[in-house]
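As structure tokens, the structure follows; a few thoughts come after it.
Numbering (the working numbering), first residue to last: 3 to 408.
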């Protein structure tokens, strides 16, 4: 194979005459062309000559295209139009055994907003503006009620009435949560034979940020369907700011339960006072003995001085007997409150239920005391929830008490 240097230097070595250059060009073409056949004999005659450039005549070159004006965009490339998208595949029908589910599956969900548009005048003319506005389909969350079972003294039976009334409400289809506000020695979990899963103070710190599913996992649940919350066994976790967080905790519980029954309120501590302010109804549990009536008298006087109306307080007589130490008429006259409900005294059935960790509906259904509990639960269910107002910050117990003195 001929080297590249030879093809470049050969014209110089062959001389400058036309005959020598033509002979060299012909031989190099025949040697470098791989598709050329065998050399053919050339007819005799003068060798062809190449046209030589004339130094005196300038070379004619094609003029370049005119430049595009400044700022002009380059011409768009011609592209093929995209193919239209294929229509979506139709949704397959659901089994005909569930027509209601199929209609709900295929029908669009109702929107709480109405999409509308209007024309407004601007400096350049009319302009269409789209907006949304609420409709009558806006869902308003239900709000439960807070009922406080206030025992006039220890041993009045408020806890027993609370858990059994809660079980009756659950059988009636209500969602019920029982809150034990006795932070040191609460008995709600003892009566229900439950173990605490979380502390009241711990849940109060998460109030307002916890959803329904997480809330139900945190609460203890009885086999009857009652949810319960207590501080029992976790006294070291009591938060100094619990009183300030009680309104938010009760509001969170009312968003997920129809009735929130609060037990363990027997005084006017800060967290108890915050709960009493949030309560829709206070059930004052009294027995027919002199110490209980005297204590109930002081409690009702404090209620009035704190600004609670008599309509907020209901008088519940527990362990009623036919021959009481203090007659019912004397109790009503001393407390200036009518008796709203009576629960008879049945020590045998009540002791059996407490010792077995059972409810009265399980061991004494149809008895007189079970019927009285049902009447109490009906009274709780009939409590009307007042219209929600803006929360008011209340001062402490003694500040409110002494400020009302004349």
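Ideal placement from N, C-alpha and C gives every residue a C-beta, glycine not left out.
Item, Value
"Take residue 318 and list the residues in its own chain whose beta-carbon comes closer than 6 Å to its own, dropping the five residues that flank it on each side.", "285, 287 and 343"
"Buried or exposed: which applies to residue 249, given that a residue is buried once 16 or more other Cβ atoms fall within 10 Å of its Cβ?", "buried"
"Span of the beta strand (DSSP E) holding residue 333?", "From DSSP, residue 333 is part of no beta strand (DSSP E) but of the alpha helix (DSSP H) over 330 to 337."
"Between the C-alpha atoms of residue 360 and residue 192, what's the straight-line distance to the nearest angstrom?", "10 Å"
"Out of 376, 147, 165 and 385, point me to the one whose CA is closest to residue 266's CA.", "165"
"Taking the alpha carbon of residue 185 as the point to measure from, which residue in 295, 366, 236 and 375 has its own alpha carbon closest?", "236"
"Starting from residue 261 and walking both ways along the beta strand (DSSP E), at which residues does that stretch end?", "261 to 267"
"Tell me the residue span of the alpha helix (DSSP H) that contains residue 303.", "292 to 307"
"Would you decide whether residue 268 is buried or exposed? Buried here means 16 or more other CB atoms lie within 10 Å of its CB.", "buried"
"Is the region 288 to 308 close to the region 168 to 183, with three or more CB pairs under 8 Å?", "no"
"Return yes when the Cβ of residue 320 is within less than 8 Å of the Cβ of residue 345, no when it is not.", "yes"
"Decide if residue 203 is buried, meaning its Cβ has at least 16 other Cβ atoms within 10 Å, or exposed.", "buried"
"Between the C-alpha atoms of residue 372 and residue 262, what's the straight-line distance to the nearest angstrom?", "21 Å"
"Report yes if the CB atom of residue 299 is closer than 8 Å to the CB atom of residue 336, and no otherwise.", "yes"
"At the level of alpha carbons, what is the spacing between residue 283 and residue 378?", "13 Å"
"So what's residue 232 in DSSP terms, helix, strand or just coil?", "strand"
"Name the two residues that bound the continuous beta strand (DSSP E) containing residue 154.", "Looking at the DSSP string, residue 154 is not in any beta strand (DSSP E), and its letter there is neither H nor E."
"Going straight from the alpha carbon of residue 256 to that of residue 148, what length do you get?", "7 Å"
"Output the residue ranges of the alpha helix (DSSP H) runs that lie fully inside the region 173 to 201 and measure 4 residues or longer, sorted by chain position.", "190 to 194"
"Since residue 348 contacts residue 383 with CB under 8 Å, what's their CB separation in whole angstroms?", "Between residue 383 and residue 348 the Cβ distance is about 23 Å, and since that is not below 8 Å, they are no contact."
"Go ahead and label residue 146 buried or exposed: buried means 16 or more other beta carbons lie within 10 angstroms of its beta carbon, across all protein chains shown.", "buried"
"So, residue 183 versus residue 258, is the Cβ gap smaller than 8 Å?", "no"
"So, helix, strand or coil for residue 319, using DSSP?", "strand"
"With C-beta atoms as the reference, is residue 276 less than 8 Å away from residue 225?", "no"
"Since I believe residue 196 is in contact with residue 230 (beta carbons under 8 Å), could you give me their beta-carbon distance rounded to a whole number of angstroms?", "6 Å"
"Apart from the five residues on each side of it in sequence, which residues of its chain come closer than 6 Å, Cβ to Cβ, to residue 376?", "170"
"In this structure, what does DSSP give as the bridge partners for residue 314?", "DSSP output for residue 314 lists no bridge partner at all."
"Going by other Cβ atoms of all chains shown within 10 Å of its Cβ, with 16 needed for buried, is residue 178 buried or exposed?", "buried"
"Can you tell which of 161, 362, 209 and 332 has its C-alpha closest to the C-alpha of residue 190?", "161"
"Alpha carbon to alpha carbon, what distance is there between residue 253 and residue 279?", "12 Å"
"Can you have a look at residue 213 and say buried or exposed, based on whether 16 or more other CB atoms are within 10 angstroms of its CB?", "exposed"
"Among 338, 295 and 333, whose alpha-carbon lies nearest the alpha-carbon of residue 311?", "338"
"Taking residue 219 as the reference, give the member of 200, 314, 355 and 157 with the closest Cα.", "200"
"In the DSSP output, what is residue 343 paired with across the bridge?", "318"
"I need the straight-line Cα distance from residue 168 to residue 238, nearest angstrom please.", "29 Å"
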